[in-house]
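Asker: Numbered per this note's numbering, the sequence shown spans residues 774 to 1100. Note that CB positions come from ideal geometry on N, CA and C, so glycine has one too. Mind looking over this structure? Questions follow.
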Amino acid sequence: MIDNFPRIKLGHFPTPIEYLANITEYLGGPEIFIKRDDCTGLATGGNKTRKLEFIMPDALNSKADLVVTVGAIQSNHARQTAASCAILGIKCLIVLEQRVADATEAYMNSGNVFLNQLFDAEMVLCPIGRDIQEYASEIMGIKISEGKKPYFIPVGGSNHLGELGYIECMREIEEHDKDSLFTHIVLATGSGGTQAGLVAGKKVYSSNAQIIGISIKDKRNDQEEKVLKLTNNSCDYIGIEHTSRDEVIAFDDYVGEGYAIPTEGMKHAVKLMASKEAILLDPVYTGKAFAGLVDLAQKGHFKKTDKILFIHTGGSAAFPAFEWAFK
Ligand SMILES: Cc1ncc(COP(=O)(O)O)c(C=O)c1O
774 MIDNFPRIKL GHFPTPIEYL ANITEYLGGP EIFIKRDDCT GLATGGNKTR KLEFIMPDAL
834 NSKADLVVTV GAIQSNHARQ TAASCAILGI KCLIVLEQRV ADATEAYMNS GNVFLNQLFD
894 AEMVLCPIGR DIQEYASEIM GIKISEGKKP YFIPVGGSNH LGELGYIECM REIEEHDKDS
954 LFTHIVLATG SGGTQAGLVA GKKVYSSNAQ IIGISIKDKR NDQEEKVLKL TNNSCDYIGI
1014 EHTSRDEVIA FDDYVGEGYA IPTEGMKHAV KLMASKEAIL LDPVYTGKAF AGLVDLAQKG
1074 HFKKTDKILF IHTGGSAAFP AFEWAFK
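And the structure:
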């Protein structure tokens, strides 16, 4: 079904699914597997590669000569958008939002911000207190008056096109898991498109796995409503029936004080994954999501016989901005 939609190859697919023997032993069950979407390729990899493979054809089709997107200062989406623009020869403008109070010099300049510079993206800081969407529209207005033809990608690449990437991811999971052994799929959920694509994909490919989002910012009900809306937009776009509300689960117990603010659980999860499996999570998304998985396993939320697939959505490029938190 997804094969009918325009797609540009930007990454390496399918990504591997690996068994985490050491973590499984550490937890004493359930069995933990990982889908390595940190290995998608495109400038250190991550979930946005899948989304951009379906979004960029639309940008090219619109004859845009400037791609504009928005995100947090250390946005992985911004970095991967800048990288795909570099490959496709289109200018990229990123409007960055200061969501973290008392940001360090490293947060403002290293990690993804540094990489954006290497990819020749123009970066504009949204003034504190301004609505980032409105500010981005104003900047686009200025660019249009200068003769540019901008194409806007929403935060996180979360729209009906980006979500095709995660419907496709669900196909990969089902092709790997022919006997439908995975009981749960756990992932970080932020702008919501990754989870929405998986939930829509679950319907398309008749998966039995329960999808559990771990919110990295918003309260449970807000996050679930956002993901449900995105999922149903995707269902409309690909022409299938809407999903039911109870298919969308987003726990909010692992956010801590707020978006991108390190938690003890995140630090423990990052160190656990590094020391036991030599896999790098990230401090903002997958670290908090894996902290959630570990806590749920230790609280007995899963049966010991369950098989859990954790989606590693990338993000380790942001580490230089967060080293201080681990010292
Ligand atoms: C590394 C990483 N994981 C997960 C997410 C969340 O994905 P989504 O925004 O589609 O919910 C993001 C979003 O930026 C991310 O950068």
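Does ligand 1 have even one heavy atom less than 6 Å from the beta-carbon of SER857?
Answerer: Sequence index remark: in the sequence shown, residue 857 carries index 84 (1-based). Answer for SER857: no, Cβ out of range of ligand 1.
Asker: When the distance is taken between beta carbons, is GLY862 closer than 7 Å to ALA851?
Answerer: Within the sequence shown, numbered from 1, the residue matching residue 851 stands at position 78. Within the sequence shown, numbered from 1, the residue matching residue 862 stands at position 89. No, the pair does not count as a contact, with Cβ atoms beyond the cut-off.
Asker: Name the DSSP beta bridge partners of TYR792, please?
Answerer: Sequence index remark: in the sequence shown, residue 792 carries index 19 (1-based). PHE806.
Asker: Inspect the CB distances between the stretch 1062-1078 and the stretch 968-979 and report whether three or more fall short of 8 Å.
Answerer: No: fewer than three Cβ pairs fall under 8 Å.
Asker: CA-CA distance, ASP776 and LEU960?
Answerer: For the purposes of this step, residue 776 is taken as residue 3 along the sequence shown, with counting starting at 1. For the purposes of this step, residue 960 is taken as residue 187 along the sequence shown, with counting starting at 1. Cα to Cα, the separation comes out at about 25 Å.
Asker: By alpha-carbon positions, which one of ALA973, LEU866 and THR788 ends up nearest to GLY914?
Answerer: Sequence index remark: in the sequence shown, residue 914 carries index 141 (1-based). Ranking ALA973, LEU866 and THR788 by Cα distance to GLY914 puts LEU866 first.
Asker: If you draw a straight line from the alpha carbon of PHE892 to that of ALA816, how long is it in whole angstroms?
Answerer: Taking the sequence shown and counting its residues from 1, one reaches residue 892 at position 119. Taking the sequence shown and counting its residues from 1, one reaches residue 816 at position 43. Roughly 9 Å separates the two Cα atoms.
Asker: Please find out if some non-hydrogen atom of ligand 1 comes closer than 6 Å to the beta-carbon of HIS850.
Answerer: In the sequence shown, the residue the question calls residue 850 occupies position 77. Yes, ligand 1 has a heavy atom inside 6 Å of this Cβ.
Asker: Going along the chain, which residues of its own chain have a beta-carbon closer than 7 Å to the beta-carbon of LYS1080, five neighbours each way excluded?
Answerer: Mapped onto the sequence shown, residue 1080 falls at position 307. The answer, listed in chain order, is PRO803, GLU804, PHE806, LEU954, PHE955 and THR956.
Asker: Do you know how far the Cα of ALA1051 is from the Cα of ASP875?
Answerer: The count along the sequence shown starts at 1 and reaches residue 875 at position 102. The count along the sequence shown starts at 1 and reaches residue 1051 at position 278. Cα-Cα distance, rounded: 31 Å.
Asker: Quick one: give me the first and last residue of the alpha helix (DSSP H) that VAL959 is part of.
Answerer: By one-based count along the sequence shown, residue 959 stands at place 186. Counting along the chain, VAL959 falls outside any alpha helix (DSSP H), though it belongs to the beta strand (DSSP E) covering 957-962.
Asker: Comparing the CB of TYR792 with every heavy atom of ligand 1, is any distance shorter than 6 Å?
Answerer: Numbered from 1 along the sequence shown, position 19 holds the residue referred to as residue 792. No, since every heavy atom of ligand 1 falls outside the 6 Å radius drawn around the Cβ of TYR792.
Asker: Indicate, with yes or no, if ligand 1 has a heavy atom lying under 6 Å from the CB of THR877.
Answerer: Within the sequence shown, the letter at position 104 stands for residue 877. It does not: the Cβ of THR877 is nowhere closer than 6 Å to a heavy atom of ligand 1.
Asker: Let's test the definition: count the other Cβ atoms within 10 Å of the Cβ of GLU826 and tell me whether it reaches 16, buried, or not, exposed.
Answerer: On the sequence shown, residue 826 is found 53 positions in, with the first residue counted as 1. Per the 10 Å Cβ criterion, buried.
Asker: Taking 8 Å as the threshold, find out whether the stretch 1017-1037 comes into contact with the stretch 982-998 through three or more Cβ pairs.
Answerer: A contact exists between the stretch 1017-1037 and the stretch 982-998.
Asker: CB of ALA961 to nearest heavy atom of ligand 1: below 6 Å?
Answerer: Numbered from 1 along the sequence shown, position 188 holds the residue referred to as residue 961. Because some heavy atom of ligand 1 lies under 6 Å away, the Cβ of ALA961 counts as near it: yes.
Asker: Let me know if SER918 comes out buried or exposed under the rule of 16 or more other beta-carbons within 10 Å of its beta-carbon.
Answerer: Taking the first residue of the sequence shown as position 1, residue 918 is located at position 145. That one is exposed.
Asker: Taking a contact to mean a Cβ-Cβ separation below 7 Å, would you say ALA1042 touches ALA1064 in this structure?
Answerer: Taking the first residue of the sequence shown as 1, we reach residue 1042 at position 269. Taking the first residue of the sequence shown as 1, we reach residue 1064 at position 291. For ALA1042 and ALA1064, yes; Cβs fall inside 7 Å.
Asker: Assuming SER835 and HIS933 make a contact with CB atoms under 8 Å, what is their CB distance in whole Å?
Answerer: As a working mapping, residue 835 is identified with position 62 in the sequence shown. As a working mapping, residue 933 is identified with position 160 in the sequence shown. With 8 Å as the limit, SER835 and HIS933 do not qualify as a contact, their Cβ atoms being about 15 Å apart.
Asker: Would the beta-carbon of LEU839 fall within 7 Å of that of LYS921?
Answerer: Residue 839 sits at position 66 when you count from the first residue of the sequence shown. Residue 921 sits at position 148 when you count from the first residue of the sequence shown. A contact, by the Cβ cut-off of 7 Å.
Asker: Can you name, in chain order, every residue of its own chain whose Cβ lies under 7 Å from the Cβ of MET774, other than the five neighbours on each side?
Answerer: Position 1 of the sequence shown, counting from 1, holds the residue named residue 774. Hits under 7 Å: VAL977 and ILE1011.
Asker: Does any heavy atom of ligand 1 sit closer than 6 Å to the C-beta of GLY902?
Answerer: Within the sequence shown, numbered from 1, the residue matching residue 902 stands at position 129. No; taking the cut-off as 6 Å, the Cβ of GLY902 has no heavy atom of ligand 1 nearer than that.
Asker: Using the C-alpha atoms, what's the distance from GLY963 back to TYR1032?
Answerer: Counted from its first residue, the sequence shown places residue 1032 at position 259. Counted from its first residue, the sequence shown places residue 963 at position 190. Approximately 9 Å, taken between the alpha carbons.
Asker: Figure out for me which residue from CYS942, ALA909 and ILE940 has the closest Cα to the Cα of VAL928.
Answerer: Stepping through the sequence shown from its first residue, residue 928 is reached at position 155. Comparing Cα-Cα distances from VAL928 to each of CYS942, ALA909 and ILE940, the minimum goes to ALA909.
Asker: Only counting the same chain, and skipping five residues up and downstream in sequence, which positions put a Cβ closer than 7 Å to that of GLY1060?
Answerer: As a first step, residue 1060 is located in the sequence shown; it is residue number 287 there, counting from the start. Hits under 7 Å: MET1039, ALA1042, VAL1043 and LEU1054.
Asker: Look up GLY844 in the DSSP assignment and say whether it is helix, strand or coil.
Answerer: The residue labelled residue 844 in the question sits at position 71 within the sequence shown. DSSP places GLY844 in strand when its eight states are reduced to three.
Asker: Reducing DSSP to helix, strand and coil, say where SER988 ends up.
Answerer: Numbered from 1 along the sequence shown, position 215 holds the residue referred to as residue 988. Note: SER988 maps to strand in three-state DSSP.
Asker: What's the gap between the Cα of ASN795 and the Cα of PRO1035?
Answerer: Walking along the sequence shown from the start, residue 795 turns up at place 22. Walking along the sequence shown from the start, residue 1035 turns up at place 262. If you take the alpha carbons of ASN795 and PRO1035, they lie about 25 Å apart.
Asker: Among TYR792, THR854 and ARG780, which has the Cα closest to the Cα of PRO830?
Answerer: By one-based count along the sequence shown, residue 830 stands at place 57. With distances taken between Cα atoms, PRO830 lies closest to ARG780.
Asker: From PRO1143 to SER1089, what does the alpha carbon distance come to, in whole angstroms?
Answerer: Look at the range of the chain in this structure, 774 to 1100, and you will see that residue 1143 is not part of it.
Asker: Compare the C-beta of ALA1098 against all C-beta atoms of chain B and say whether one is closer than 7 Å.
Answerer: Chain labels in this structure do not include chain B; a single protein chain is all it has.
Asker: Return helix, strand or coil for PRO923, following the three-state DSSP convention.
Answerer: As a first step, residue 923 is located in the sequence shown; it is residue number 150 there, counting from the start. PRO923 falls in the strand class under three-state DSSP.
Asker: How about LYS808 and THR822: do their beta carbons lie closer than 7 Å?
Answerer: Position 35 of the sequence shown, counted from the start, is the residue given in the question as residue 808. Position 49 of the sequence shown, counted from the start, is the residue given in the question as residue 822. No.
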